[in-house]
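To keep things clear, I will list the structure first and then write my remarks on it.
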Amino acid sequence: MNLLKKGFAFYIYSSIHVALAAMSLCWVTLLELGLGFDKVVLCFVFFATISGYNFVKIYGLGKFYKKRFGNWLQWIHVCSFFSFLLMCYFGLHLKLQSLLIMGVFSALTFFYAFPFLRGNTRNLRQVEGLKVYIIAVVWMGVSVFLPVINEGFAMTQDVLLMGVQRFAYVLALMLPFEIRDLKHDALNLETIPQKIGLKKTKVLGGLLLAFILVLECFKTQFSVSRMGVLAIVLSVTGSMVWFSRTVQRKYYASFWVEALPILWLLLGLVIF
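First residue of the sequence shown: 231, per the numbering used here; consecutive thereafter.
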């Protein structure tokens, strides 16, 4: 049992779980647009997410995560190293246009952790009120526009609407984390719960999810089955946001909330 707990902890702390979530959203895009299975893009997104998230943890939030992870840190370094190599391998098989767009989002990820503002003392994460929006933009680009561009699919109205939906969804998905970290975040970060309070943050989450559902109705290739899957995912997500607390169960956000994109993919694979 102790070994299982340690294995599960490593699965979470090494960013494998969040990488599966990012890959799942990317796969959902491929399914909804009828683009088929793209192993190169999916594997690239998976390993790039591990590399990117662990870079932010180890470099951008070094002292906090060294204290939190302790003995896990060396294994996270090993996982990150091999993930980076595999990311490079699959990256070599992406189209040039895909690499260019990934360059933009990679730069955002790098400067999210690397201090370059105010005399090289602040990074993008430390800019007031910016954190969640950077994360949402990167996830939107990687999970929607990367697979679309790599497949040579036209940038249609449906793709653009999907991009807006994905941005709003990731924002909503971030709210349980924002609520969890409310006691620990510095006041100058101006996170959403810090600015509008706990209850209004949850209401905002509900409005974002309702907005996503409304946008689905404006797609030219409307699908009842896709709408049904989306409604289920948004309902579960809304419940998770509403029941978020500043004091949560250990893996409420880092496992259950981050598992929601995986649920979306599983429902899509069964129903689409």
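All C-beta atoms in this analysis are idealised placements derived from N, C-alpha and C, irrespective of residue type, glycine included.
Contact between the segment 358 to 367 and the segment 407 to 427 is present: three or more C-beta pairs spanning the two stretches fall below 8 Å. Counting of Cβ neighbours within 10 angstroms places Cys447 among the exposed residues, the total staying below 16. Cβ contact annotation for Ser281 (same chain, cutoff 8 Å, sequence separation greater than five): Ser310, Ser313, Phe314, Met317, in chain order. Nearest in C-alpha terms to Ser244, of all of Phe285, Phe407, Val374, is Phe285.
In this structure Lys236 is exposed. Its beta-carbon is surrounded by fewer than 16 other beta-carbon atoms within 10 angstroms. For Leu428, the closest alpha carbon among the candidates Trp305, Ile409, Ile442 is that of Ile409. In the displayed model, Leu360 falls within coil according to three-state DSSP, outside both helix and strand.
By the CB criterion at 9 Å, Leu338 and Ile364 fall inside the cutoff. Less than 9 Å divides the Cβ of Ser373 from the Cβ of Cys256. CA-CA distance, Glu262 to Met404, rounds to 23 Å. Around the C-beta of Lys432, 16 or more other C-beta atoms lie within 10 Å, and the residue is accordingly described as buried. For Thr467, the CB contacts under 7 Å within the same chain, skipping 5 residues up- and downstream, are Ala402, Leu403, Leu439, Leu490 in chain order. Closest option to Val389, judged by alpha-carbon separation, among Ile426, Val258, Leu330: Val258. Taking C-alpha positions only, Thr476 is separated from Ala251 by approximately 23 Å. Take Gly436, set aside five residues on each side of it, and the residues of its chain with a beta-carbon closer than 8 Å to its own are Gly468, Val471, Trp472, in chain order.
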